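Novice:
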Amino acid sequence: MEMPGISVIVWLHETKEAYFRDLLESLVSQTYDRWELYVLDQNPAYGFSSMVAEFFPEDDRAHYRQLKNSKGRAYAYNIGSHYVMADFGKKGRDLEGNYIFFVGQHDRLQPDALLQIAGAYNRFMQKQEKAPELIYMDHDMLVGQDRMEPHFKPELNMELLRHCNYIGQHFLVSCSAAYALGEFRQQLSYACVYEYLLRLVEMGGASLRIPMLLYHERMREKLLRKEEKVWQKRFAAEHILAVEASLRRQGILLDGSITPAAGGAWWQIPYDGKGVATQQRDYMFLHEPSVRALTRSNLQKMYGHLCRKDVAVVGVRFLKGGFAMENCGFLFDAQGDIYPAFYDMKIYQTTYDNLAGIPREVSMVDFRYCMIDAKVYRKLGGLDPKLSGRDQMLDFCLRAKKAGYRTIVDPGIIVKSPGKQDESSRVSHEAMLEKWADLLAEGDPYYNPNLPMGLLNYRLDAIGSEEERLA
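Start counting the sequence shown at 4; every next residue gets the next number (our numbering).
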């Protein structure tokens, strides 16, 4: 199998020489050789062409272009993508199996980053027929030469992506998908990458998440207080426009306006669930009498998710005493053990990447207060009577996912329970392992293997020292 070709596109704008040199050093150090570089320079003064030539003397893999117009990231990425496509055409090479990698001018790659990407692609293709259209990886933040704030990402999570750009600004798109997708939207200054990602995912192609810290992103320098507020407001407004357009394209209705949350880090989407009272045959509402609702209009909010044709189950956030979370969805390990997400964390605490507050897809929710699509329930034959406790619900959600449906937890819907969900019996657990051995061995797709498993999930302080985490 031929390894993928990777075309790295870098946009230069208000470039800091030392940081750009750092990026070039990381590119020269790559241990993989099937790649090329396109530098699109929008700086008013010429000067970075000599630096590129310094690092790539007599190397025809490096291409430098001084852009006459300074029209922003989208314009530069469009020009760069056109150069890549044109060069492929001149060389008579197929777009399939080749990728465009959008890289920041002040960022840095691990020396084996491109090799690891190629290796992950090769392993993916040994199992799948179609190549991934989107490839992304974990990243952390650079301050000077120090690395901090690792972002360990799940596999493709459409619901999470609608509420925030968890994938980030830097990813790989297949050349064939880029050709079909079209251009970045130049009218968007802050959200052109996010809008592009939404359209890419809407195409429904395969994606590949690489759970390795291969990319180091330079932390943005904050502006003065007043200017920073303006930046955050414009950032959130453009991202919300991108989400609204995406939902319209998919025919998803809203019951109100999308609003920013957590300083614009993510946004709340009010899905239209007003049909909950008249469409009761469409769903099953499971509710144990001991579970008490703490928020209003819960059924309407849950139905807002469930009325979409690709959603099978909707769950909520459970609290116990002392404002502590009992669960906000569940995750599983390779042994089939099931753990409550964000267990014992306080509801008012900031959680890892704000995930305890953002609606997202999960492998399983708490069946003591949830909504299930009645048609899907009948189609899948209901719950497996051979299983018990949590195994029974996880099995149903896994079967739903295999059939093309999603399970969503909405943390904005909060309930309180005096007890815990029933545990599974030993016989049930053994049956679960036998039934789903291969899938369980791959790990929870909505979690990241770099994060701690068990009850201390989503806690970086449970991984080890800072040096161990970022090594």
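Backbone N, C-alpha and C fix where the C-beta goes; we use that ideal spot for every residue, glycine too.
Source: prediction; values computed, not measured.
I think D447 touches F335, with their Cβ atoms under 8 Å apart; what is that distance to the nearest whole Å?
Specialist: Numbered from 1 along the sequence shown, position 444 holds the residue referred to as residue 447. Numbered from 1 along the sequence shown, position 332 holds the residue referred to as residue 335. Yes, D447 and F335 are in contact; Cβ-Cβ is about 5 Å, under 8 Å.
Novice: Apply the 10 Å Cβ neighbour rule to H85 and answer buried if 16 or more other Cβ atoms are within range, or exposed otherwise.
Specialist: Your numbering for residue 85 matches position 82 in the sequence shown. The residue in question, H85, is exposed, as its Cβ has fewer than 16 Cβ neighbours within 10 Å.
Novice: Alpha carbon to alpha carbon, how far is F155 from S431?
Specialist: By 1-based counting over the sequence shown, the position of residue 155 is 152. By 1-based counting over the sequence shown, the position of residue 431 is 428. Spanning the two alpha carbons is a distance of roughly 32 Å.
Novice: Measure how close the beta-carbons of R485 and S29 come, nearest whole angstrom, since I'm counting them as under 8 Å.
Specialist: No statement about residue 485 is possible, as the shown extent of the chain runs from 4 to 474 and does not include it.
Novice: Touching or not, the stretch 202–222 and the stretch 100–118, by the rule of three or more beta carbon pairs under 8 Å?
Specialist: Contact between the stretch 202–222 and the stretch 100–118 is present: three or more C-beta pairs spanning the two stretches fall below 8 Å.
Novice: Enumerated in chain order, which unbroken segments of the beta strand (DSSP E) with a length of 3 residues or greater are wholly contained in the stretch 383–465?
Specialist: 409–419
Novice: Decide if E241 is buried, meaning its Cβ has at least 16 other Cβ atoms within 10 Å, or exposed.
Specialist: Reading the sequence shown from its first residue, position 238 is the one you call residue 241. So E241 counts as buried.
Novice: Compute the distance between the beta-carbons of V368 and V314, then report whether it is under 7 Å.
Specialist: Position 365 of the sequence shown, counted from the first residue, corresponds to residue 368. Position 311 of the sequence shown, counted from the first residue, corresponds to residue 314. No, Cβ-Cβ distance for V368 and V314 is not below 7 Å.
Novice: I'd like to check one pair, A359 with P414: are the Cβ atoms closer than 7 Å?
Specialist: Residue numbering aside, residue 414 sits at position 411 when the sequence shown is read from its first letter. Residue numbering aside, residue 359 sits at position 356 when the sequence shown is read from its first letter. Cβ atoms of P414 and A359: closer than 7 Å.
Novice: Pick out the complete beta strand (DSSP E) segments inside the stretch 94–175, 3 residues or longer, and give them in chain order.
Specialist: Complete beta strand (DSSP E) runs here, min 3: 101–106, 137–146 and 149–154.
Novice: Check L358 in the structure and name its three-state DSSP category.
Specialist: Position 355 of the sequence shown holds residue 358. In this structure, L358 counts as helix in the three-state DSSP scheme.
Novice: Can you tell me which of L159, N81 and K74 puts its alpha carbon nearest to the alpha carbon of G207?
Specialist: Residue 207 sits at position 204 when you count from the first residue of the sequence shown. Considering only alpha carbons, the answer is L159.
Novice: Just to confirm the assignment: which complete alpha helix (DSSP H) runs, minimum length 4, are found wholly within the stretch 169–212?
Specialist: 178–184 and 195–205
Novice: Does DSSP classify D90 as helix, strand or coil?
Specialist: Walking along the sequence shown from the start, residue 90 turns up at place 87. Reduced to three states, the DSSP call for D90 is helix.
Novice: Using a Cβ-Cβ cut-off of 8 Å (strictly less than) and excluding sequence neighbours within five positions of H142, which residues of its own chain qualify?
Specialist: Here residue 142 refers to the residue found at position 139 when the sequence shown is read from its first residue. Here the set comprises P153, H154, G171, H173, L216, L217, Y218, H219 and E220.
Novice: Going by beta-carbon coordinates alone, are L175 and I138 separated by less than 7 Å?
Specialist: Position 172 of the sequence shown, counted from the first residue, corresponds to residue 175. Position 135 of the sequence shown, counted from the first residue, corresponds to residue 138. Yes, these two residues count as a Cβ contact at 7 Å.
Novice: Please report the distance separating the alpha-carbon of P362 from that of L390.
Specialist: If you number the sequence shown from 1, residue 362 lands on position 359. If you number the sequence shown from 1, residue 390 lands on position 387. If you take the alpha carbons of P362 and L390, they lie about 28 Å apart.
Novice: Does DSSP put L43 in a helix, in a strand, or in coil?
Specialist: Translated into positions along the sequence shown, residue 43 becomes position 40. Correct three-state label for L43: strand.
Novice: Pick helix, strand or coil for L473, following the three-state DSSP scheme.
Specialist: Here the question's residue 473 lines up with position 470 in the sequence shown. Bear in mind that the predicted position of L473 carries a pLDDT of just 40, short of 50, making it too unreliable to give a figure here.
Novice: I'd like the list of long-range same chain contacts for Q189, defined as Cβ closer than 8 Å, with 5 residues on each side in sequence excluded.
Specialist: Translated into the one-based positions of the sequence shown, residue 189 becomes position 186. Contacts found: K74, G75, A77, Y78, N81 and C195.
Novice: Hey, is the stretch 120–135 in contact with the stretch 431–441, meaning 3+ C-beta pairs nearer than 8 Å?
Specialist: no
Novice: Output yes or no for whether 7 Å exceeds the beta carbon distance between G267 and Q235.
Specialist: By 1-based counting over the sequence shown, the position of residue 267 is 264. By 1-based counting over the sequence shown, the position of residue 235 is 232. A contact, by the Cβ cut-off of 7 Å.
Novice: Can you tell me the Cβ-Cβ gap for A327 and K349, rounded? I've got them flagged as a contact below 8 Å.
Specialist: Translated into positions along the sequence shown, residue 327 becomes position 324. Translated into positions along the sequence shown, residue 349 becomes position 346. That pair is a contact at about 6 Å.
Novice: List the DSSP bridge partners of K349.
Specialist: Here the question's residue 349 lines up with position 346 in the sequence shown. The partner list for K349 (beta bridge, DSSP) reads A327.
Novice: Where does the unbroken beta strand (DSSP E) through Q271 begin, and where does it stop?
Specialist: As a working note, residue 271 is residue 268 in the sequence shown. It spans W269 to Q271 - the beta strand (DSSP E) in which Q271 sits, taken as one unbroken run.
Novice: Flag this pair as yes or no: are the beta carbons of A483 and Q253 separated by less than 7 Å?
Specialist: The requested residue 483 does not occur in the structure, where the chain is confined to residues 4 to 474.
Novice: Within a Cβ cutoff of 6 Å, which residues of the same chain sit near A239, ignoring the five residues on either side of it in sequence?
Specialist: Taking the sequence shown and counting its residues from 1, the one referred to as residue 239 is at position 236. Counting only Cβ-Cβ distances below 6 Å, and skipping sequence neighbours, we find P263 and G267.
Novice: Need the endpoints of the beta strand (DSSP E) that I12 sits in, please.
Specialist: For this step, residue 12 is matched to residue 9 along the sequence shown. First-last of the beta strand (DSSP E) with I12: G8 to L15.
Novice: What residue range is occupied by the uninterrupted beta strand (DSSP E) comprising A315?
Specialist: Position 312 of the sequence shown, counted from the first residue, corresponds to residue 315. V314 to L322 is the span of the beta strand (DSSP E), which, as asked, contains A315.
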